[in-house]
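Enquirer:
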Amino acid sequence: MVDALKFKSLTRLKLENIHIDDEVITYLTTSCPLLQILWVFYCHGLKTFCVYGHHQHLRSVSIKYNTPFEKIDIEAPNLYLMNGLILT
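The letter at position 58 of the sequence shown is residue 58 when you use full-length UniProt numbering, and the numbering goes up by one with no holes.
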């Protein structure tokens, strides 16, 4: 099902309180080439948070989570805001 989704015009994406895995984050971000703002709040199932593909438009990433990530890796040369908040 995920393979069928393409969001070529999407500029903002907010994922909140859902079960999602690492591959879905990577797929969604590569399927949104114009993505500028990404919020990921309290999503369960993530161990790593990776955004690859040198996102030229991505400017802001905000993450709120209950469990620490093993790895956070973001390729975005124009990123100017990165917020991370852990609540235990």
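All C-beta atoms, glycine included, are put in the ideal place defined by N, C-alpha and C.
#1: Quick one: residues in its chain with C-beta nearer than 6 Å to the C-beta of phenylalanine 41, no 5 flanking neighbours on either side, listed in chain order?
#2: Using three-state DSSP, classify aspartate 22 as helix, strand or coil.
#3: Where does the unbroken beta strand (DSSP E) through phenylalanine 41 begin, and where does it stop?
#4: Is the CB-CB distance between leucine 59 and leucine 81 below 8 Å?
#5: Short check: CB of glycine 45 to CB of aspartate 21, under 8 Å?
#6: If you drop the 5 nearest sequence neighbours on each side, which residues of the same chain put their C-beta closer than 6 Å to that of threonine 11?
#7: Going by beta carbon distance, what residues of the same chain come within less than 7 Å of lysine 14, once the five residues before and after it are set aside?
#8: Taking buried to mean at least 16 other C-beta atoms within 10 Å of its own C-beta, is isoleucine 18 buried or exposed?
Expert: Taking the structure as given:
#1: Here residue 41 refers to the residue found at position 41 when the sequence shown is read from its first residue. Result list for phenylalanine 41: Glu16 and Lys64, in chain order.
#2: For the purposes of this step, residue 22 is identified with residue 22 of the sequence shown, where counting begins at 1. Aspartate 22 falls in the helix class under three-state DSSP.
#3: What you label residue 41 is simply residue 41 of the sequence shown in a count that begins at 1. Segment 37-41, the beta strand (DSSP E) holding phenylalanine 41.
#4: Your numbering for residue 59 matches position 59 in the sequence shown. Your numbering for residue 81 matches position 81 in the sequence shown. In the sequence as presented, leucine is not what sits at residue 59; that position holds arginine. Result yes, Cβ atoms of arginine 59 and leucine 81 sit closer than 8 Å.
#5: Locating residue 45 in the sequence shown gives position 45, counting from the first residue. Locating residue 21 in the sequence shown gives position 21, counting from the first residue. A contact, by the Cβ cut-off of 8 Å.
#6: For the purposes of this step, residue 11 is taken as residue 11 along the sequence shown, with counting starting at 1. Excluding sequence neighbours, threonine 11 sits near Leu34 and Gln36.
#7: Numbered from its first residue, the sequence shown carries residue 14 at position 14. A distance below 7 Å between beta-carbons, with the five flanking residues on each side excluded, links lysine 14 to the following residues of its chain, in chain order: Trp39.
#8: Taking the first residue of the sequence shown as position 1, residue 18 is located at position 18. Isoleucine 18 comes out exposed.
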